[in-house]
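Counting in the UniProt record's numbering, the sequence shown runs from 1 upward without gaps.
In what follows, a structure is listed as structure tokens, so that the remarks can point back to it.
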Amino acid sequence: MNPTPSAQAPLKKHRNLAQGVVAHLGDSIRSGSLKPGDKLPTESEIMRLLGVSRTVVREAISHLQAASLVETRHGIGTFVLAPPPPTLGLDPATVVTMRDVLALLELRISLETEAAGLAANRRSDEQLVQLRTALDSFEECARKGVETVEPDMQFHLLIAQASSNRYFHDILSHLGTNIIPRARLNSARLAQDDPAHYLERVIHEHEDIFSAIARRDPESARAAMRTHLSNSRERLRRAQELGEGAIAAS
Numbered sequence: 001m002n003p004t005p006s007a008q009a010p011l012k013k014h015r016n017l018a019q020g021v022v023a024h025l026g027d028s029i030r031s032g033s034l035k036p037g038d039k040l041p042t043e044s045e046i047m048r049l050l051g052v053s054r055t056v057v058r059e060a061i062s063h064l065q066a067a068s069l070v071e072t073r074h075g076i077g078t079f080v081l082a083p084p085p086p087t088l089g090l091d092p093a094t095v096v097t098m099r100d101v102l103a104l105l106e107l108r109i110s111l112e113t114e115a116a117g118l119a120a121n122r123r124s125d126e127q128l129v130q131l132r133t134a135l136d137s138f139e140e141c142a143r144k145g146v147e148t149v150e151p152d153m154q155f156h157l158l159i160a161q162a163s164s165n166r167y168f169h170d171i172l173s174h175l176g177t178n179i180i181p182r183a184r185l186n187s188a189r190l191a192q193d194d195p196a197h198y199l200e201r202v203i204h205e206h207e208d209i210f211s212a213i214a215r216r217d218p219e220s221a222r223a224a225m226r227t228h229l230s231n232s233r234e235r236l237r238r239a240q241e242l243g244e245g246a247i248a249a250s
């Protein structure tokens with residue numbers, strides 16, 4: 001038998017009776033009295049239990065549907081939905097302006113610095129080979145002047161994976177290609193930097209990270225990752241100071 005909300009909720013304290021029903025049923029859902037998959041009491045039962053009209057009940061159910069707390073299956077009833085997974089406010093679609101990219105780089109510095117240190121201690125030989133392959137692909141694309149986002153992202157995701165802490169990988173995967181500025185050459189242009197010198201520096205930074213992980217040196221891996229991401233942040237900050245405005249990130 002499905003649980004029902006407790007009777008005689010103090011709805012008179014609410015100016016809007018529908019909101020009172022919403023609060024009462026919402027509290028039952030959040031407390032676990034009504035669990036995902038449970039069927040809500042019928043309209044008539046809620047009317048009797050809470051002393052409200054059918055119109056009030058239907059308005060309340062509409063609010064609960066809009067909040068994705070319940071769904072109504074016509075001819076069957078209204079059922080409690082499982083809560084959506086938390087996003088922590090990390091919506092990749094919101095990473096748009098230069099300021100957004102800089103803020104994301106600050107987050108990455110803290111996350112990926114530690115992930116690199118853990119990867120140096122925990123990586124397998126197979127993971128090291130995968131890292132080398134991703135880095136070779138990145139360097140080849142960079143020197144040919146073609147898109148580097150995918151191999152660059154793969155390199156960073158593999159480091160997070162090698163940390164053996166799935167949360168590092170989950171966060172970076174959720175952000176997707178937002179972790180990499182859209183075009184390396186554009187980043188160089190924004191910072192008024194020579195593209196060839198810029199790419200060589202970025203390649204050298206990645207090589208330092210790989211070498212530290214390869215020789216199982218966690219402190220050097222942390223330092224190399226921090227240097228790389230801090231340099232990326234400073235290049236973009238310098239571009240911002242030069243008045244180039246907003247850029248898109250991917």
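We put the beta carbon where it would ideally sit given N, CA and C, even for glycine.
Since the structure is predicted, the reported quantities are computational estimates derived from the model, not experimental observations.
Cβ neighbour criterion (16 or more within 10 Å) applied to residue i
i           : result
Ile76       : exposed
residue 283 : With the chain covering only 1 through 250, there is no way to say anything about residue 283.
His206      : buried
Arg222      : buried
Ser232      : buried
Gly145      : exposed
Ala103      : exposed
Ala224      : buried
Val52       : buried
Ala116      : buried
His74       : exposed
Val129      : exposed
Ser28       : buried
Arg123      : buried
Pro41       : buried
Arg184      : Here the model assigns Arg184 a pLDDT of 39, short of 50, so the residue's position is not dependable and the matter cannot be decided.
Residues of its chain near residue i, where Cβ-Cβ distance is below 7 Å and the 5 sequence neighbours each way are ignored
i      : result
Ile203 : Glu139 and Ala142
Thr113 : Arg222, Met225 and Arg226
Ser220 : Ala212
Glu234 : none
Arg54  : Glu43 and Met47
Which residues DSSP lists as bridging residue i, in chain order
i     : result
Gly77 : Arg73
His39 : What sits at residue 39 in the sequence shown is Lys, not His. In DSSP, Lys39 forms a bridge with Phe79.
6 Å Cβ shell around residue i - same chain, five flanking residues per side excluded
i      : result
Ala18  : Val56, Glu59 and Ala60
Ser137 : Pro151
Gln127 : Ala162
Gln240 : Met98
C-alpha gap between residue i and residue j, whole angstroms
i      : j      : result
Ala82  : Asn16  : 27 Å
Arg108 : Ser230 : 10 Å
Val149 : Ala134 : 11 Å
Arg201 : Ile159 : 20 Å
Asn121 : Asn165 : 12 Å
Ala119 : Glu106 : 20 Å
Lys35  : Leu175 : 31 Å
Ser110 : Asp217 : 18 Å
Ala214 : Glu147 : 26 Å
Val22  : Ser31  : 14 Å
Ser62  : Phe168 : 38 Å
Asp208 : His228 : 9 Å
His24  : Arg132 : 57 Å
Bounding residues of the alpha helix (DSSP H) (the contiguous stretch that carries residue i)
i      : result
Ser137 : Asp125 to Lys144
Glu112 : Met98 to Arg122
Val149 : Val149 to Ala162
Ala224 : Pro218 to Glu241
Ser28  : Leu17 to Ser31
Arg166 : Arg166 to Leu175
Ser53  : Run containing Ser53: none; DSSP gives neither H nor E here.
Any non-hydrogen atom of the ligand NAP closer than 6 Å to residue i Cβ
i     : result
Val22 : In the structure on display, the ligand NAP does not appear, and there are no ligands present to speak of.
Cβ shell of residue i (< 8 Å), same chain only, five flanking positions each side left out
i      : result
Glu71  : Gln65, Thr78, Phe79 and Leu81
Ala196 : none
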